[in-house]
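Before any comments, here is the structure.
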Amino acid sequence: MDERTALLANVLSAPADDTPRLVLADWLEEHNEEALGRFVRAGVVAARFRGEELIDDPDYYTALATLTDVATAAHPALWVSELGVGPSPLAFGDWSWDSVGDRVMVRIGAALGAFTRGLLAELNVTRGEWYAVASRALVAWPIERVRVTDVPGLTFTVEPVESGWRITGRLKTPRRNVPLSRIALPAAMAPGAVLALSSADWAADQFFPDREALVQGAAKECALIVDDLKEAAGDRWPPPPRRRR
């Protein structure tokens, strides 16, 4: 294991700890990965001010300026694209970005990647895209949450637990009214006699003994989790969202 891999492994094994991120940032800046190093350091600094109503510390605004510089130069968009999300090679018009504090969001087509504390933590992608990029994403980034865009209400969360790692798949469906005519309508529009179906929340877990097992098995186990959730939800499994014309 080379030094970069070892430092990254320290970050991945303790995603809530700032110290491994700052150590990694130092190494990156000293070894020709200045953009990522600066981005990580700025993200950690900016995150320290979360929840503050009035901020007058110049370190915060310096950190925000660094995040802006790196994002504007397309580095976060390229980091997400390198996973296999969106077109390749990435052209200028293929992506956009926005930020709130340390949270930097990059949109590539219909996909979205969110960086927090300087590293990629969230993805909004289709189910197929997640299965395709899960291993690459988890080996390189401390992914915490995935929102599946073609199954409304479906998310995966990744978190360390005492015995290793856990992926939780969760499906949330909203309340709806089903008219006795058996034609489903939104609750606000349904006339006459209806069968009211309350909102629902199903979850399924899969555990992994270590990070390597998580990386290798995430895609397969997420697919099995989806099978379990489909069986639990039955006819309440949501259809894909309608495409905008």
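Heads up, the sequence shown is in the numbering used here, so the first residue is 1 and it goes up one at a time.
Idealized CB from N, CA, C, for every residue including glycine.
Endpoints, alpha helix (DSSP H) assigned at residue i
{"i": "P76", "result": "H75 to S81"}
{"i": "L64", "result": "P58 to T72"}
{"i": "V40", "result": "E34 to A47"}
{"i": "V11", "result": "E3 to S13"}
{"i": "E136", "result": "The sequence shown places Arg at residue 136, rather than the Glu named in the question. Looking at the DSSP string, the run of the alpha helix (DSSP H) that includes R136 is R127 to A140."}
{"i": "R21", "result": "D18 to E30"}
Spatial distance of residue i from residue j (CA atoms)
{"i": "T5", "j": "N32", "result": "15 Å"}
{"i": "V215", "j": "A134", "result": "7 Å"}
{"i": "N10", "j": "F115", "result": "18 Å"}
{"i": "V158", "j": "Y131", "result": "14 Å"}
{"i": "W165", "j": "L8", "result": "17 Å"}
{"i": "V40", "j": "T19", "result": "11 Å"}
{"i": "S96", "j": "Y61", "result": "22 Å"}
{"i": "V23", "j": "V70", "result": "19 Å"}
{"i": "K230", "j": "D57", "result": "50 Å"}
{"i": "N124", "j": "L90", "result": "18 Å"}
{"i": "A14", "j": "D235", "result": "40 Å"}
{"i": "Y77", "j": "V106", "result": "At residue 77 the sequence reads Ala, which differs from the Tyr that was named. Roughly 6 Å between the two C-alpha positions."}
{"i": "S163", "j": "T72", "result": "40 Å"}
{"i": "E122", "j": "I167", "result": "14 Å"}
{"i": "D205", "j": "D26", "result": "36 Å"}
{"i": "V146", "j": "F156", "result": "5 Å"}
{"i": "A218", "j": "R211", "result": "10 Å"}
{"i": "L138", "j": "L28", "result": "19 Å"}
{"i": "K172", "j": "G153", "result": "5 Å"}
{"i": "V161", "j": "P209", "result": "9 Å"}
{"i": "E30", "j": "A42", "result": "16 Å"}
{"i": "M1", "j": "L12", "result": "15 Å"}
{"i": "P238", "j": "A200", "result": "12 Å"}
{"i": "A74", "j": "A16", "result": "26 Å"}
{"i": "E221", "j": "D227", "result": "10 Å"}
{"i": "L224", "j": "A232", "result": "13 Å"}
{"i": "R170", "j": "R21", "result": "29 Å"}
{"i": "R136", "j": "E52", "result": "35 Å"}
{"i": "T126", "j": "L36", "result": "26 Å"}
{"i": "G118", "j": "W79", "result": "12 Å"}
{"i": "W202", "j": "L112", "result": "24 Å"}
{"i": "A110", "j": "V104", "result": "16 Å"}
Exposure label - residue i; buried when at least 16 CB within 10 Å
{"i": "R38", "result": "buried"}
{"i": "R242", "result": "exposed"}
{"i": "T149", "result": "buried"}
{"i": "I108", "result": "buried"}
{"i": "E129", "result": "buried"}
{"i": "F207", "result": "exposed"}
{"i": "D102", "result": "buried"}
{"i": "I55", "result": "exposed"}
{"i": "G93", "result": "exposed"}
{"i": "V100", "result": "exposed"}
Run of the beta strand (DSSP E) containing residue i, from where it starts to where it stops
{"i": "F207", "result": "A200 to F208"}
{"i": "E53", "result": "Unbroken run through E53: none, as it is neither H nor E."}
{"i": "L90", "result": "First-last for L90: undefined, no H or E at that position."}
{"i": "W95", "result": "W95 to V100"}
{"i": "R243", "result": "Here R243 belongs to no beta strand (DSSP E), and DSSP marks it neither H nor E."}
Bridge partner(s) assigned by DSSP for residue i
{"i": "E231", "result": "E231 is not bridged to any residue."}
{"i": "E159", "result": "R166"}
{"i": "T116", "result": "L119"}
{"i": "T173", "result": "A200"}
{"i": "I225", "result": "DSSP, once it has assigned bridges, lists no residue as partnering I225."}
{"i": "V151", "result": "According to DSSP, which records beta bridges pairwise, V151 is partnered with nothing at all."}
{"i": "R103", "result": "V100"}
{"i": "R145", "result": "E122 and T157"}
Any chain B beta carbon closer than 8 Å to residue i
{"i": "D235", "result": "The displayed structure is made up of one protein chain only, and chain B is not part of it."}
Stretch-stretch touch, CB-based, cutoff 8 Å, three pairs: the stretch 80–98 with the stretch 44–59: The stretch 80–98, when compared against the stretch 44–59, does not touch it at the 8 Å Cβ threshold.
Kindly confirm or deny that the stretch 65–72 and the stretch 136–147 touch, where touching means at least three C-beta pairs closer than 8 Å. The answer is no - the stretch 136–147 does not touch the stretch 65–72, with fewer than three Cβ pairs under 8 Å.
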